[in-house]
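Residue numbers for the sequence shown, in our numbering: 3 to 441.
In this text, a Cβ means the ideal position worked out from N, Cα and C, and glycines have one as well.
What you are looking at is a predicted structure, and each value in this text was computed from that prediction instead of being measured.
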Amino acid sequence: MRKQLDTLDAWLSHLESIHPLSMDFKLERIRAVLKTLAIEPIAPHVIIVAGTNGKGSTATTTATLFTEQGYKTGLFTSPHINRFNERIRLNLKEADDALIMEAFNAIETARGEITLTYFEFATLAAFYCFKKENVDVAILEVGLGGRLDSTNITRADMALITPIDLDHTHILGDTIEKIAFEKAGVIKEGAIVITSEINPPEPIITQCDKMGATRYSQGDAIVYKILEDGRFTYSLTRNLANNQANSKETIELTLPKLNLLGRHQYQNAVTAISALLLSPFPVDLEKIGSGLSHVSLKGRFQPLKKEGSPDLYLDVTHNRQGARVLKDLIKSYPSKGRVLAVFGMLIDKDPFAVTHELNSHIDHWYLTGIDGERGQTEAALLERIATEIDHRYTLTHDVPSACEKALKDASKDDIIIVFGSFHIVSAGINWLNDYGYHD
3 MRKQLDTLDA WLSHLESIHP LSMDFKLERI RAVLKTLAIE PIAPHVIIVA
53 GTNGKGSTAT TTATLFTEQG YKTGLFTSPH INRFNERIRL NLKEADDALI
103 MEAFNAIETA RGEITLTYFE FATLAAFYCF KKENVDVAIL EVGLGGRLDS
153 TNITRADMAL ITPIDLDHTH ILGDTIEKIA FEKAGVIKEG AIVITSEINP
203 PEPIITQCDK MGATRYSQGD AIVYKILEDG RFTYSLTRNL ANNQANSKET
253 IELTLPKLNL LGRHQYQNAV TAISALLLSP FPVDLEKIGS GLSHVSLKGR
303 FQPLKKEGSP DLYLDVTHNR QGARVLKDLI KSYPSKGRVL AVFGMLIDKD
353 PFAVTHELNS HIDHWYLTGI DGERGQTEAA LLERIATEID HRYTLTHDVP
403 SACEKALKDA SKDDIIIVFG SFHIVSAGIN WLNDYGYHD
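See below:
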C-alpha cells in the first residue's frame, strides 16, 4: 500500500525517489500513463517551444500575449527558481498546491507499476491541470532536446524554435546539426513552425519538409527593427486561411519598448508575437503592446536594487550563446565602476566556454560551489577555468557567502552579476531578498 502524501513538499520528495534515474529518455513509459489518464487533447491549441537559449522567455511572452487577448492559457516551464508551482501556470498565475496534488494523485493511480522521473511527473501534472481547467492554449517549454523530451508526447499544433547552440553535448550530440536534429523532433505533421533564426540548421528545414509543416523564419516572412528609443517595428507576411490561390497578407505594427532587458529579448518577443498572429484565434492588434508591457520573468538579467548599494543582476546563463548575450548586456551598461561576478555552474556544463566569452568584461570572479548530483565544488570549477580568469578570483563555498563577499568588496558604482545556472539564481535571489535587495 502506498503511503499517504498530504503536502506538496511530501509529494516532491516522493517523486525524487520512485525512479532510479533523474533522466530517462524512453517515452514508452510516460505515453502509457498519458493514455491511461485519458486527458488528450490537453488543449484546443498546443504550442511547443524548443531551442538552446530563449525558450523560457519566448514561452512566457507567448503565454502573456494570449492571456492579454482574453484566452485562458496554460504555461509549463522548467526548472523553477523558488518553488515547484512556478512550472505550471494558469493565466500566468502559479497553480495552487491542491490542484497539483490532485494531478499527482491521478498520475500515481494511473501509473500502476510504471516508474516515472521527476520531470515526467511534472509534465503529466501540467497536462492534467490544463485539461482540468479547460485552457484554450497550452504552451510547453521543452526540458531538454525535443525528440525524446516528455513534452513531446502530445501533439503540438505549433513549434517555436529558438536559437540553437552547443549545450548538453553529452546527451544531444557535439555538433549544431546533431543538436538541431533532436530539437526538430518536436515538429509534427502539418504544424506551423516559427524559427528565431533566418537560417535555421538544416535538420529543422528537413523536418519541416518531411512533415509538411509551414515554416516562418525571422528575417524572411517575419521582420523587425529596433528603433533608437527602444520601440520596434514588426512585420509578418502570412498565408491566408483559404490559401487556394496562394494568397498572402502582411501585418505591420509599431510596438513599445520591452520590459525584459537585452536586444535578444526582441528576438524572443517577435517569435511570441508571430505565434499569436499565426494561431487560429482572433487577435486584437491593439492589445499586443499592452501584453508586451506585462511580461515578467525571473532570472533573465533581472535587476535587484537596494538603496545605497551596488546594482545587482541575476541571470540563468549557462552556455556559450547565453554568455555572448550577457556580454552585450554588460557592454551596454553605463557603469562607472567594476563588474563583479558571482559564478557557479553544474558539472555537466562548459564553464570554460562561458568564461572565455565574458572574462575581458569581468573584473573579479567569486566562484561558488553547487550541491547535488550534478553540482561541483568551487575548487573543481576553478580547475576548469583557471587559465582563463588568471588570479582575479575568490573561492566561496556557497552562493550566500559569494554574494556577501562580493557586496563587501564592491563600491556603489560597481555592478554585481549573479549567474551560471538556475541553482545559482535561486539561492542568490533568496539570500539577497533577505539582505534587502528587491525588484
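Note: Gly76 is bridge-paired with Leu92 and Ala140 in the DSSP secondary-structure output. In this structure, Lys74 lies near Val137, with their beta-carbon atoms less than 8 Å apart. For Glu135, the closest alpha carbon among the candidates Ala105, Pro402 and Gly53 is that of Ala105.
Judged by DSSP secondary structure, Asn435 falls within the alpha helix (DSSP H) whose first and last residues are Phe424 to Tyr437. If you draw a 10 Å sphere on the C-beta of Ala161, you find 16 or more other C-beta atoms in it, and that means buried. By the Cβ rule, the region 332–343 counts as touching the region 410–418, because three or more pairs are nearer than 8 Å. According to the DSSP secondary-structure assignment, Ser281 is paired through a beta bridge with no residue. Pairing Glu251 with Ser198, the inter-Cα distance amounts to about 20 Å. A Cβ-Cβ separation of about 13 Å leaves Phe234 out of contact with Gly264 under the 8 Å criterion. The beta carbons of Glu191 and Arg149 sit about 15 Å from each other, so the pair does not count as a contact at 8 Å. Nearest to Phe132 by C-alpha distance, out of Arg91, Glu122, Arg326 and Ala355, is Arg91.
In its chain, beyond the 5 residues on either side, Glu88 and Arg89 have a beta carbon closer than 7 Å to the beta carbon of His82. For Gln323, there is no enclosing beta strand (DSSP E); the residue is found in the alpha helix (DSSP H) stretching over Arg322 to Ser334. The beta carbon of Lys57 sits closer than 7 Å to those of Val51, Glu143, Val144 and Thr164, all from its chain and outside the five residues before and after it, given in chain order. With respect to Ser152, Glu122 sits close: the two C-beta atoms are nearer than 8 Å.
In this structure the region 389–397 touches the region 358–375; the number of beta carbon pairs closer than 8 Å is three or more. Pro202 sits buried, since 16 or more C-beta atoms from the chains shown fall within 10 Å of its C-beta. Here DSSP, grouped into helix, strand and coil, assigns Lys259 to coil. Distances from the CA of Pro43 to each of Gly310, Asp159 and Ala124 were compared; the closest alpha carbon is that of Asp159. Considered as a whole, the region 336–369 harbours 353–360 as its complete alpha helix (DSSP H) runs of no fewer than 4 residues, in chain order.
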